[in-house]
Amino acid sequence: MSTTEVLISELVELHGRTRNSLMPILQGVVQQEKYLSEDAMITVARELNISAADVFGTASFYTFLDTIPRGKNVVRVCKTISCHMKNKEAIIRALEDTLKIKVGETTHDKQFTLLTANCLGWCHKGPVMLVNDEVYPEVTPETAVEILNKYGRSK
Ligand code: FES
């Protein structure tokens, strides 16, 4: 058994072998392995006895379930309407300039990947940024850059 298969069988053990376990299992894989490989998705489908298409569909719908390798820290800026109206563009620009990458890219040192996300459920405190699973509400371009420093950005 590969390490991914072992991990998935542990997650199935933990969450149960039902359709409702799909999300927690996929999240568990992403947490451990930083992304969701095709092999992992096929294994999950087999374990839960659902179609691989079903798993692929779920993974591509939820932007949290990365299907390509990412940097050590994944930074996401909410792009949905409330945050958009609170100038999420300025946050994205500050992060892009600081990290010298565009949204969707990973820094050369593999420390940061910059992405956007759909509503994170903090609309009243936008603009919102997420680093890995830590939420940062009401960020400004300045605080967004300071937050990166906390995660070991090399200046
Ligand atoms: S719109 Fe950004 S958190 Fe809801």
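In case it helps, the numbering used here puts the sequence shown at residues 1 to 155. We put the beta carbon where it would ideally sit given N, CA and C, even for glycine.
Taking all protein chains in view, the Cβ of residue 113 is crowded by 16 or more other Cβ atoms within 10 Å, so the residue is classified as buried. For a cut-off of 8 Å, the C-beta gap from residue 130 to residue 144 is around 11 Å, too long to register as a contact. Going by DSSP, residue 73 is part of the beta strand (DSSP E) stretching over 73–78. Pairwise C-beta distances place the segment 80–90 out of contact with the segment 42–53, as fewer than three of them are shorter than 8 Å. Around ligand 1, the residues selected by a Cβ distance under 5 Å to any of its heavy atoms are 78, 80, 82, 83, 119, 120, 122, 123, 126 and 128, following chain order.
Rounded to the nearest whole angstrom, the CA to CA distance from residue 55 to residue 36 is 11 Å. Residue pairing for residue 112: DSSP places it in a beta bridge opposite 73.
For the 8 Å CB-CB criterion, residue 71 and residue 102 do not form a contact. Between residue 115 and residue 75, the CB-CB gap stays under 8 Å. Measuring C-alpha to C-alpha distances from residue 134 to each of 96, 77, 153 and 95 identifies 77 as the nearest. As the crow flies, the alpha-carbon of residue 151 is around 15 Å from that of residue 106. Counting of Cβ neighbours within 10 angstroms places residue 14 among the exposed residues, the total staying below 16. In the three-state DSSP reduction, residue 106 falls in the strand class (E or B).
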